[in-house]
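> My questions all concern the structure below.
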Amino acid sequence: MKMIKSLRGMNDILSEDYERFTYFIDVATKVAQRYGFHFIETPLLEETALFKRSVGESSDIVGKEMYQFTDKGENDVCLRPEGTAGVVRAFIQKKLDRAGGIYRFFYHGAMFRYERPQKGRLRQFHQFGVESFGIESVYEDASMIMMVSDILNELSIGYKLQINSLGDNNCMPQYRDNLVKFVKNCEDEICSDCKRRLETNPIRVLDCKNEKCQELYKDAPKLINNLCDNCEDDFNKLKKILDNNGINYEIDTNLVRGLDYYSKTAFEFVSDNIGSQSAIAGGGRYDRLVEFLDGKATPAVGFAMGIERLMELIKMPEKKRDGYYIGAMDEETIELVLNLVQKKRKTHKVTTDYKAKNFKNHIKNADKANAKYFCMIGSNELESGEIKVKNLEDKTEEIFKVKEF
RNA sequence: GUGGGAUUAGCUCAGUUGGUUAGAGCACUGGUUUGUGGUGCCGGGUGUCGCGGGUUCGAAUCCCGUAUCCCACCCCA
Numbered sequence: 001m002k003m004i005k006s007l008r009g010m011n012d013i014l015s016e017d018y019e020r021f022t023y024f025i026d027v028a029t030k031v032a033q034r035y036g037f038h039f040i041e042t043p044l045l046e047e048t049a050l051f052k053r054s055v056g057e058s059s060d061i062v063g064k065e066m067y068q069f070t071d072k073g074e075n076d077v078c079l080r081p082e083g084t085a086g087v088v089r090a091f092i093q094k095k096l097d098r099a100g101g102i103y104r105f106f107y108h109g110a111m112f113r114y115e116r117p118q119k120g121r122l123r124q125f126h127q128f129g130v131e132s133f134g135i136e137s138v139y140e141d142a143s144m145i146m147m148v149s150d151i152l153n154e155l156s157i158g159y160k161l162q163i164n165s166l167g168d169n170n171c172m173p174q175y176r177d178n179l180v181k182f183v184k185n186c187e188d189e190i191c192s193d194c195k196r197r198l199e200t201n202p203i204r205v206l207d208c209k210n211e212k213c214q215e216l217y218k219d220a221p222k223l224i225n226n227l228c229d230n231c232e233d234d235f236n237k238l239k240k241i242l243d244n245n246g247i248n249y250e251i252d253t254n255l256v257r258g259l260d261y262y263s264k265t266a267f268e269f270v271s272d273n274i275g276s277q278s279a280i281a282g283g284g285r286y287d288r289l290v291e292f293l294d295g296k297a298t299p300a301v302g303f304a305m306g307i308e309r310l311m312e313l314i315k316m317p318e319k320k321r322d323g324y325y326i327g328a329m330d331e332e333t334i335e336l337v338l339n340l341v342q343k344k345r346k347t348h349k350v351t352t353d354y355k356a357k358n359f360k361n362h363i364k365n366a367d368k369a370n371a372k373y374f375c376m377i378g379s380n381e382l383e384s385g386e387i388k389v390k391n392l393e394d395k396t397e398e399i400f401k402v403k404e405f
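Next comes the structure, spelled out in structure tokens:
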């Protein structure tokens, strides 16, 4: 019979990986809560229309790169490819846009994209993200960047921060036209990918990997030099806040977003240590998305980080010995041992072995289990009613009465 | 979707121009030094050589297909 394996690009997370995984979630959760964010859980499955509308019909994304299917009720549904759309939908559905005020959410969970897998790029992967609603001020953008920085610092992950401004309705469309005009002038020389981008998503020519194209675009207009007053003002403020808080960054005029609802602040944290899929966190302002999804216009900003990519970069804190190991030396003491184990488990981590073994074997087990305290029960202990408990860290021993242990 | 590399023990990997019975380290496991630790010693599974075909007297080795992983591109919400 053929062995059943997990689907392509879908991994199990266990043992060491799981420890790293939960360690990341714990740290990120703690930091997000310090910034005043609250957990939100949204469904893994949503109506396809939600993503169609938020992402737009433009590129390959819809249909080609989403897990889309018709369910038994004939609904066109989709496994969520990202977290923002669902959170925004929930925000609108709970009428928080009408209620007014400030709402800050964080989430983490599985996302699904039907792509060809690479390292740090799976079909089922996990993201941690936050979304903030109701704040127009660029200070929120800045504090979001600082939040990511805090998380990465606590995990001892090195990074580079890149920022850019995407402009808004006033300046972006005009800039796009100018860029298209510029690129059309050298259309004969650009690569075939860029020719296609010119039609589908012109801004994306800016981060083309072809060296020849980059050479051609060297003198292309830069959005950063064509921002309207409001956008420029905010971008300057952002830089100032980051400077004031000792956050290093570089301005990457080629850092772009494909989708229409993004505006103003865009940022990305990248690592040198994980190959071409180097972005470990990305975010920005999306003041238009709530309205796109039929809510009342609400300014918003958020970010998401890919947990699998971060996992290989996390430096775990040193493991400490923890809990007890209790072993039986003779057949007749096994029952007593198991009683003590159960009693102790009300308050501590306890490992044991169901077989009577000699001292060496037990202490080996204790060591493997990374126990902090070690005790053994044999005929001697049965007679005296006393047991020795050894601290495996500092090698001291203490004697307890069995009843009081 | 496009191009390239890989797949042998639980893990990391050897494996001769195709030749008889398939290798190391670690891990695992049994015994043992008869009560104080990451040991020592003796022994042991370590295996459909990714899967399916083909060539051959004979395939881990050569050929074709396929799956998965890795690398780069596309895309990146």
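Each residue of the first sequence is one higher than the one before, counting from 1 in the numbering used here.
Positions of the beta carbon are idealized from the N, C-alpha and C atoms, including for glycine.
How many Å lie between N170 and C228 at the Cα?
Roughly 7 Å between the two C-alpha positions.
> My understanding is that E46 touches G86, with C-beta atoms under 8 Å, so please give their C-beta distance in whole angstroms.
E46 to G86, Cβ: 6 Å. Contact.
> Counting pairs of beta carbons, one from the region 231 to 243 and one from the region 201 to 220, are three or more of them closer than 8 Å?
Short answer: they don't touch.
> Note down, in chain order, each residue of its chain lying with its Cβ closer than 8 Å to the Cβ of I157, except the 5 sequence neighbours on either side.
Excluding sequence neighbours, I157 sits near S271, I280, L310, L313, I314 and K315.
> Locate the alpha helix (DSSP H) running through L7, then write down its first and last residues.
L7 -> no alpha helix (DSSP H), and no H or E assigned at all.
> Please determine, among G302, K319 and G246, the residue with the shortest C-alpha to C-alpha distance to A371.
Ranking G302, K319 and G246 by Cα distance to A371 puts K319 first.
> Residues in its own chain within less than 7 Å of F112 by CB, not counting five upstream and five downstream?
Closer than 7 Å at Cβ, skipping near neighbours: Y67, L79, R80, P81, R123 and Q124.
> What residue from M329, V31, K401 and D260 has the CA that sits closest to F128's CA?
It is V31 whose Cα lies nearest to the Cα of F128.
> What is the C-beta distance between F267 and G282, in whole angstroms, given that I count them as a contact (C-beta under 8 Å)?
Right, their Cβ atoms sit about 7 Å apart.
> Excluding the five sequence neighbours on either side, which residues of its own chain have a C-beta within less than 6 Å of the C-beta of Y249, listed in chain order?
Same-chain partners within the cutoff: L161, I163 and L242.
> Distance, Cα to Cα, R89 vs E187?
If you take the alpha carbons of R89 and E187, they lie about 40 Å apart.
> Grouping DSSP H, G and I as helix and E and B as strand, with all else coil, what is H348?
Residue state, collapsed to three classes: coil.
> Give me the residue from G323, K239, I247 and E335 with the minimum Cα distance to M146.
Among G323, K239, I247 and E335, the Cα nearest to that of M146 is on I247.
> Can you tell me whether E82 is helix, strand or coil according to DSSP?
In this structure, E82 counts as coil in the three-state DSSP scheme.
> Which residues bound the alpha helix (DSSP H) around E381?
Counting along the chain, the alpha helix (DSSP H) containing E381 begins and ends at S379 to S384.
> Where does M144 sit, in a helix, a strand or coil, going by DSSP?
Here M144 sits in helix by DSSP.
> Would you give the residue range spanned by the beta strand (DSSP E) that S132 belongs to?
It spans Q124 to F133 - the beta strand (DSSP E) in which S132 sits, taken as one unbroken run.
> Please report the Cβ distance between L238 and L166, rounded to the nearest whole angstrom; I am assuming they are in contact, meaning their Cβ atoms lie under 8 Å.
That belief does not hold up - the Cβ atoms of L238 and L166 are roughly 12 Å apart, past 8 Å.
> Report the three-state DSSP secondary structure of N230 (helix, strand or coil).
It is helical.
> Would T108 be called buried (16 or more neighbouring beta carbons within 10 Å of its own) or exposed?
Going by the sequence as given, residue 108 is His instead of Thr. Result: buried.
> To test your reading of the DSSP string, which unbroken beta strand (DSSP E) runs of 3 or more residues are found completely within the region 12 to 66?
Qualifying beta strand (DSSP E) stretches, in chain order: 45 to 47.
> For the beta strand (DSSP E) that E291 lies in, which residues bound it at each end?
Premise fails: E291 lies in the alpha helix (DSSP H), L289 to F292, not in any beta strand (DSSP E).
> Examine the Cβ distances between the region 254 to 263 and the region 13 to 27 and report whether three or more of them are shorter than 8 Å.
Taking 8 Å as the limit for Cβ pairs, the verdict is that the region 13 to 27 does not touch the region 254 to 263.
> Go ahead and label D294 buried or exposed: buried means 16 or more other beta carbons lie within 10 angstroms of its beta carbon, across all protein chains shown.
It counts as exposed.
> Kindly indicate which residue of N201, F269 and L338 has the alpha-carbon position closest to the one of L303.
In the sequence on display, residue 303 carries Phe and not Leu. Selected option, being the one with the closest Cα: F269.
> Which residue wins for smallest C-alpha separation from Y114, given the options F69, R53, L338 and M144?
For Y114, the nearest C-alpha among the options comes from F69.
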